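Participant: To start, I am sharing the structure in question, which I have written as structure tokens.
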Amino acid sequence: MKPGMSSIRRLNHLLALSTSTPIMALECPFAVASAATALASALTFSSSSSSEARREAAEGGRTLLLLHFALAVHPLRGQSSGCSQWPLQGRDLSSGFLHALLGYRSLQFGHVLKGERRPVAAEGAPVTVVTTCTGNEPVDVIKTIRENRASYASQHGYELRFFPSVASVQEGFLAVGLGEALEGIKANDAEFFWRAKSLLLSLLERRQQQQPSPQKTPWLLWLDCSALLTDPALPVDLLLHREGVAEDHSVIATADDSGIRPEALLLKSSDFSLDFLEKWLQKPSAGWLPPHVVKDPKDPAVHRWQREDFTEHVALRHAISAYWDIWQQAEAKGEAAAPVDWSHAAWQREVLLLPQATGPAGGGALLADEPSDNKAHRPWTHDEQLMRPWREGDFAVALRLD
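Everything in the sequence shown is counted per this note's numbering, starting at 93 for the first residue and increasing by one.
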């Protein structure tokens, strides 16, 4: 039997209650992820919803938002071995998210193609290519990546901001008189959040250079030190056009079965991007963090729970959604956040997630993983095709450096 409106109301109330504070939400993350996934299913398949209403929900990205939130709090991050007393398997959550992402992506591309959303006008726009290495990579890797970025930037007349170590990012803020932007970031956190800080520095520099009414809005292209640019002939404006980027998009990223990925990002110089980076850098209390399963190093067959570190990637999964700011503000005031009406919450229009797959126009992926032979013995499943390995025509490849 398909769920009705009463089921949706109960699920929305349950999820709103359990997410009124981050500590409450992450105390029992399996339950919260299950509730979010159930609400996503109810919104999609409600018997009382017309096809038009279901389309409206899909275009608003409600299902995508709920499933991405479930992935963000799920302790197993969608791993296929996920199993608990709660009726949610990690593999089911990941599969549901990938299919919601593909559907939402197709709808958004269709809007731009039909002229219902204004396509971005990026031809001739200033571009800054940004890459930061941690300083722990082999010297030859850093050299290769630097040459890869310099060649691409030179070919298209782009500015290059290449940081060979995390320390050089900190120095960069001070060198251009932006040291105040680091206020609130603890000194012992210097080695963390280097992606967000590198992008923040580059964006602030761009905004300092930007004219009051520029004809073309600048863009930032972020690529990890472990990502190799493999289609250097493709300029950023054609990349944006190929992906169907609209004028109101500010953050473009790829996603896999665990949600948004940080290795390749495109950011427009906008107030939204600046706000997004500042949210990404907001480090919350340790009590927010959900436990996760790890293998005992002495006995791989034994699994145990431990509270995870607040990594940059964990923060990114939350920072692209509006509830993150609500939680942060509530904690600062020492009070519970206002309940989120999850049944009407929508994916932020300014954020475009791309599947790790061939685009709707037939072009390559923005980012794909280095190929391996572990699936050569069998055909790919449909889910695996939505996060396929690198092939010729993809813009960049994520390398395995370990």
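Ideal Cβ positions, reconstructed from N, Cα and C, are used throughout, including at glycine.
The structure displayed is predicted, hence computed values, not measured ones.
Identify every run of the beta strand (DSSP E) within the region 306-353, keeping only runs that are complete inside it and at least 3 residues long; order them along the chain.
Facilitator: Qualifying beta strand (DSSP E) stretches, in chain order: 311-315, 319-321 and 343-348.
Participant: Can you tell me whether residue 268 is buried or exposed, with buried defined as 16 or more other CB within 10 angstroms of its CB?
Facilitator: Exposed.
Participant: When you compare only the Cα positions, how much space is there between residue 243 and residue 320?
Facilitator: Using only the alpha carbons, I get a separation of about 12 Å.
Participant: Could you tell me which of 371, 335, 418 and 226 sits nearest to residue 212, measuring between CA atoms?
Facilitator: That would be 335, whose Cα lies nearest to the Cα of residue 212.
Participant: Count the other CB atoms, across all protein chains shown, that sit within 10 Å of the CB of residue 325; report buried if there are 16 or more and exposed otherwise.
Facilitator: With fewer than 16 Cβ atoms within 10 Å of its Cβ, residue 325 is classed as exposed.
Participant: Less than 8 Å between the CB atoms is what I'm expecting for residue 219 and residue 290, so what's the real figure, rounded?
Facilitator: Not a contact, Cβ separation roughly 15 Å.
Participant: Can you grab the Cα-Cα spacing for the pair residue 468 / residue 163, in whole Å?
Facilitator: Any answer about residue 468 is weak, because its pLDDT of 47 lies below 50 and its placement is not dependable; what the coordinates show is given next. Taking the straight line from one Cα to the other gives about 28 Å.
Participant: For the candidate residues 359, 182 and 353, whose alpha-carbon lies nearest to that of residue 343?
Facilitator: Per the Cα distances, 359.
Participant: Please list, in chain order, all residues of the same chain as residue 288 whose beta carbon is under 7 Å from its beta carbon, the five residues on each side excluded.
Facilitator: Closer than 7 Å at Cβ, skipping near neighbours: 369, 372, 373 and 404.
Participant: If you compare alpha carbons, which of 193, 226, 340 and 118 is closest to residue 406?
Facilitator: When each option's Cα is compared against that of residue 406, the closest is 118.
Participant: Quick check on the burial criterion: 16 or more other C-beta atoms within 10 angstroms. Buried or exposed for residue 430?
Facilitator: Exposed, by the Cβ-count rule.
Participant: Return the bridge partner residues of residue 489 from the DSSP annotation.
Facilitator: Answer by DSSP bridge pairing, in chain order: 320 and 460.
Participant: Find the nearest neighbour of residue 448 within the set 357, 134 and 300, judged by alpha-carbon distance.
Facilitator: The residue with the shortest Cα to Cα distance from residue 448 is 357.
Participant: Going by DSSP, name the residue or residues bridged to residue 223.
Facilitator: Paired residue(s): 254.
Participant: In whole angstroms, what separates the C-alpha of residue 98 from that of residue 444?
Facilitator: Their backbone Cα atoms lie some 32 Å apart in a straight line.
Participant: Given 8 Å as the limit, is there contact between the region 100-120 and the region 432-441, that is, 3 or more CB pairs closer than that?
Facilitator: With the cut-off at 8 Å, the region 100-120 and the region 432-441 touch.
Participant: Taking only the alpha-carbon atoms, compute the straight-line gap between residue 161 and residue 409 and give it to the nearest angstrom.
Facilitator: The straight-line gap from Cα to Cα measures roughly 8 Å.
Participant: Quick check on residue 360: does DSSP put it in helix, strand or coil?
Facilitator: If DSSP states are grouped into helix, strand and coil, residue 360 belongs with the strands.
Participant: Quick one: is residue 174 buried, meaning 16 or more other Cβ sit within 10 Å of its Cβ, or exposed?
Facilitator: The predicted model places residue 174 with a pLDDT of 42, which falls under 50 and marks its position as unreliable, so this point remains unresolved.
Participant: Using DSSP with H/G/I as helix, E/B as strand and the rest coil, what is residue 373?
Facilitator: In this structure, residue 373 counts as coil in the three-state DSSP scheme.
Participant: Go through its chain and collect everything with a Cβ distance to residue 487's Cβ below 8 Å, but skip five positions before and after it.
Facilitator: Same-chain partners within the cutoff: 321, 322, 323, 326, 331, 356, 456, 457, 458 and 459.
Participant: Does DSSP put residue 121 in a helix, in a strand, or in coil?
Facilitator: If DSSP states are grouped into helix, strand and coil, residue 121 belongs with the helices.
Participant: Can you give me the C-alpha to C-alpha distance between residue 446 and residue 248, rounded to a whole angstrom?
Facilitator: Residue 446 and residue 248: Cα-Cα distance of roughly 24 Å.
Participant: So, under 8 Å CB-CB, residue 214 and residue 329 are touching, yes? Tell me the CB distance rounded to an integer number of Å.
Facilitator: Indeed, because the Cβ distance is near 4 Å, the residues count as touching under 8 Å.
Participant: According to the neighbour-count rule (16 or more other Cβ atoms, all chains shown, within 10 Å of its Cβ), is residue 209 buried or exposed?
Facilitator: When all chains shown are included, residue 209 counts as buried.
Participant: Between which two residues does the beta strand (DSSP E) holding residue 443 run?
Facilitator: Element bounds for residue 443: 443-447.
Participant: In whole angstroms, give me the CA-to-CA distance for residue 233 and residue 352.
Facilitator: Those two C-alpha atoms are separated by around 25 Å.
Participant: Is the Cβ of residue 106 closer than 7 Å to any Cβ of chain B?
Facilitator: As a matter of chain content, chain B is missing from the structure shown, which is built from one protein chain.
Participant: Measure the Cβ-Cβ separation of residue 314 and residue 217 and say whether it is below 7 Å.
Facilitator: The answer is no: Cβ separation not under 7 Å.
Participant: With DSSP as the reference, please indicate the residues paired to residue 479 in a beta bridge.
Facilitator: Its beta-bridge partners are 448.
Participant: Going by other Cβ atoms of all chains shown within 10 Å of its Cβ, with 16 needed for buried, is residue 266 buried or exposed?
Facilitator: That one is exposed.
Participant: Return the CA-CA distance between residue 316 and residue 203, expressed in angstroms with no decimal places.
Facilitator: Whole-angstrom Cα-Cα distance: 31 Å.
Participant: Could you name the residues of the same chain whose beta carbon sits closer than 7 Å to that of residue 165, not counting the 5 residues immediately before and after it, in chain order?
Facilitator: Around residue 165: 117, 118, 121, 124, 125 and 382.
Participant: Measure the alpha-carbon distance for residue 245 versus residue 251 and round it to whole angstroms.
Facilitator: Rounded to whole angstroms, residue 245 to residue 251 spans 6 Å at the Cα level.
Participant: Using 10 angstroms around the beta-carbon of residue 239, count the other beta-carbons present and answer buried if the total reaches 16, otherwise exposed.
Facilitator: It counts as exposed.
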